[in-house]
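So the sequence lines, in the order shown, correspond to chains Y and W.
Quick note: the first sequence uses the working numbering, first residue 1, plus one each step.
Quick note: the second sequence uses the working numbering, first residue 1001, plus one each step.
Ideal Cβ positions, reconstructed from N, Cα and C, are used throughout, including at glycine.
All of these numbers come straight from a predicted model, not from anything done at the bench.
Written below as structure tokens is the structure these notes are about.
There are 2 protein chains.
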Amino acid sequence: MATLDPSLVAHLPLFSGFGADQLGEILREARSLRLAKNNAVFEQGEDAHSFFVLLHGHVRASKTTPAGEQVVVRYVAPGETFGVATAIGLQRYPATATAVDDSVALAWPSTAWPRLVEKFPALAVNTLQTVGNRLQESHTRVVEMSTQQVEQRIAHALLRLAKQSGRKVEHGVEIDFPISRQDIAQMTGTTLHTVSRTLSGWEQRGLIESGRQRIVLREPHKLLVLAEETPGESTSPTRP
Amino acid sequence: MATLDPSLVAHLPLFSGFGADQLGEILREARSLRLAKNNAVFEQGEDAHSFFVLLHGHVRASKTTPAGEQVVVRYVAPGETFGVATAIGLQRYPATATAVDDSVALAWPSTAWPRLVEKFPALAVNTLQTVGNRLQESHTRVVEMSTQQVEQRIAHALLRLAKQSGRKVEHGVEIDFPISRQDIAQMTGTTLHTVSRTLSGWEQRGLIESGRQRIVLREPHKLLVLAEETPGESTSPTRP
DNA sequence: CGGCGTTGTTGCGCCAGAGCAAACTTTGGC
DNA sequence: GCCAAAGTTTGCTCTGGCGCAACAACGCCG
């Protein structure tokens, strides 16, 4: 196993407040691991053997219902932790993690967690903040699904993805990993058909530019306006 | 301030693993507090001055959108923590907490949190589990809203409420606090009209019994079957 | 005990968006 | 360079459940 330079991960939220020695001690227990595109890192229901920090690439976490429908829970960006089932008291992974691009992650055996936390309580404190943030995001999503139209939800989803994993390109901001209409549908609680229609509409209006598993936001600001719009109002006001 | 008997709260998840002395030390910083029915404990956006453990009664946590729509995030049952904004790194409360019944809670000043965690790291570990559970619940809700019909979502919501805060009564299980059609609508992402129609239907079928802000599940099992049902299938099979 | 605010019920029309079907396009494998 | 698979687009139909409206029942307060 290649030893990792502590300075590369020292700034991550999980390790905030740690010195080089402590960091070294923690990293000594990790192994780094390549994740080939479209391969599962772990599967929902599987025994939670490890937890991870993503170094490069992108990972999709999704849940499958008993009826076989899939819902995308989130996308993991570099620097984020995932698979922390053990830390929150779960025996098994509650979702499936799939690399959407060739990726690299650090992995610790779950058995190391209690020991590490015992020695470095700040790990629990940092993880608490991370999980808390995710809870906020999840609540935001519930609120959106309860109160907004599909078009607005899609707009919000794209804006969040762009913020989290956007790459500046010539004509705007590109979402920096392959993402299909189907994926967006599963993030927003709609169907790929409706997503396709919506994106087509936006493309005609010049708000975005898109292709196969590729989306560029050309006018993020206009998209934001659209996302905030109340069902009633419209850009071109209706004459009474 | 009345000193609380540590043995009354020793079994709570937040305090699991603590001895009587430590518990005493933690409790010494708390004050207990009566919450009158329909009064806000704290408001969304307000400075997160305290965090709480509910001792008696029930508290509703809800979020309000910029457009003024409300969504019920959860109901807090006795023994649960709420208002832990500080622990997850928030300056302000992300939701409003309202007592739905006359209630009693313990309150700690948020400033005490870092100090308590420093001295008793297990607090962070326990809170991490709690917040993790809530994250699971929130994800469950997202999955339900993405994949299920309104009727099934309402059924699931009632079953969860009954499990969390159900009281055995003569004809079934009663939800042990006042809850309106509107509240259920805000939990399930629908309108009070649809909730009313759905509950009326169930009442006619003898599945529930309900009145003003009062719901009794008479046939929890049948409700569960209904909740798991796929849109396609039906109790009385259609003849082709 | 009567009036009034709050909560719940129900009928009706409409539409956003799901479901279905089919064709088209891109891309990677061989 | 060709073919199969995966992803996308688009038209049409149908419907769950929302929005509106009016009313009814309950319980609180003076």
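For residue i, the nearest candidate out of the options (CA to CA)
{"i": "W:F1177", "options": "W:H1011, W:H1056, W:P1013", "result": "W:H1056"}
{"i": "W:V1076", "options": "W:A1095, W:L1217, W:A1087", "result": "W:A1095"}
{"i": "W:R1205", "options": "W:K1222, W:Q1186, W:V1100, W:E1046", "result": "W:K1222"}
{"i": "Y:I26", "options": "Y:A40, Y:A61, Y:S110, Y:A99", "result": "Y:S110"}
{"i": "W:L1158", "options": "W:K1168, W:E1174, W:A1085", "result": "W:E1174"}
{"i": "Y:D101", "options": "Y:V72, Y:T140, Y:R181, Y:A40", "result": "Y:A40"}
{"i": "Y:A85", "options": "Y:S32, Y:G172, Y:P78, Y:A61", "result": "Y:A61"}
{"i": "Y:R34", "options": "Y:S103, Y:P13, Y:K63", "result": "Y:S103"}
{"i": "W:A1112", "options": "W:T1098, W:R1074, W:A1099, W:A1087", "result": "W:A1087"}
{"i": "Y:V72", "options": "Y:T98, Y:P78, Y:D47", "result": "Y:T98"}
Cα-Cα separation between residue i and residue j, rounded to whole angstroms
{"i": "Y:W202", "j": "Y:I208", "result": "6 angstroms"}
{"i": "W:E1229", "j": "Y:H11", "result": "48 angstroms"}
{"i": "Y:F42", "j": "W:L1128", "result": "22 angstroms"}
{"i": "W:Q1044", "j": "W:N1038", "result": "16 angstroms"}
{"i": "W:L1224", "j": "W:D1021", "result": "45 angstroms"}
{"i": "W:A1107", "j": "W:E1080", "result": "12 angstroms"}
{"i": "Y:H49", "j": "Y:F18", "result": "25 angstroms"}
{"i": "Y:A227", "j": "Y:Q149", "result": "9 angstroms"}
{"i": "W:P1006", "j": "W:L1023", "result": "6 angstroms"}
{"i": "Y:T65", "j": "W:R1115", "result": "42 angstroms"}
{"i": "W:Y1093", "j": "Y:Q164", "result": "24 angstroms"}
{"i": "W:L1008", "j": "W:V1053", "result": "12 angstroms"}
{"i": "W:A1036", "j": "Y:E151", "result": "41 angstroms"}
{"i": "Y:E118", "j": "W:V1131", "result": "19 angstroms"}
{"i": "W:R1028", "j": "W:L1123", "result": "15 angstroms"}
Cβ of residue i within 9 angstroms of any chain Y Cβ
{"i": "W:Q1091", "result": "no"}
{"i": "W:H1139", "result": "yes"}
{"i": "W:L1224", "result": "no"}
{"i": "W:Q1076", "result": "Position check: residue 1076 of chain W holds Val in this sequence, whereas Gln was assumed. So no, W:V1076 is outside the interface."}
{"i": "W:T1098", "result": "no"}
{"i": "W:P1066", "result": "yes"}
With 16 other Cβ atoms within 10 Å as the buried cut-off, status of residue i
{"i": "W:H1156", "result": "buried"}
{"i": "Y:R214", "result": "exposed"}
{"i": "W:E1144", "result": "buried"}
{"i": "W:R1153", "result": "buried"}
{"i": "W:S1200", "result": "exposed"}
{"i": "Y:K168", "result": "exposed"}
{"i": "W:R947", "result": "The structure shown does not extend to residue 947 of chain W, since chain W spans only 1001 to 1240, so no value can be given for it."}
{"i": "Y:R218", "result": "buried"}
{"i": "W:G1166", "result": "buried"}
Sub-9 angstroms separation of residue i and residue j beta-carbons
{"i": "W:F1015", "j": "W:N1126", "result": "yes"}
{"i": "W:V1059", "j": "W:A1105", "result": "yes"}
{"i": "Y:S138", "j": "W:L1090", "result": "no"}
{"i": "Y:F51", "j": "Y:G83", "result": "yes"}
{"i": "W:Q1186", "j": "Y:S146", "result": "yes"}
{"i": "Y:V142", "j": "W:G1189", "result": "yes"}
heavy atom of the ligand COA below 8 angstroms from residue i C-beta
{"i": "Y:T127", "result": "This structure simply doesn't include the ligand COA, nor any ligand for that matter."}
Beta carbon proximity, residue i to chain W, threshold 9 angstroms
{"i": "Y:G17", "result": "no"}
{"i": "Y:R60", "result": "no"}
{"i": "Y:S146", "result": "yes"}
{"i": "Y:R160", "result": "no"}
{"i": "Y:P220", "result": "no"}
{"i": "Y:R214", "result": "no"}
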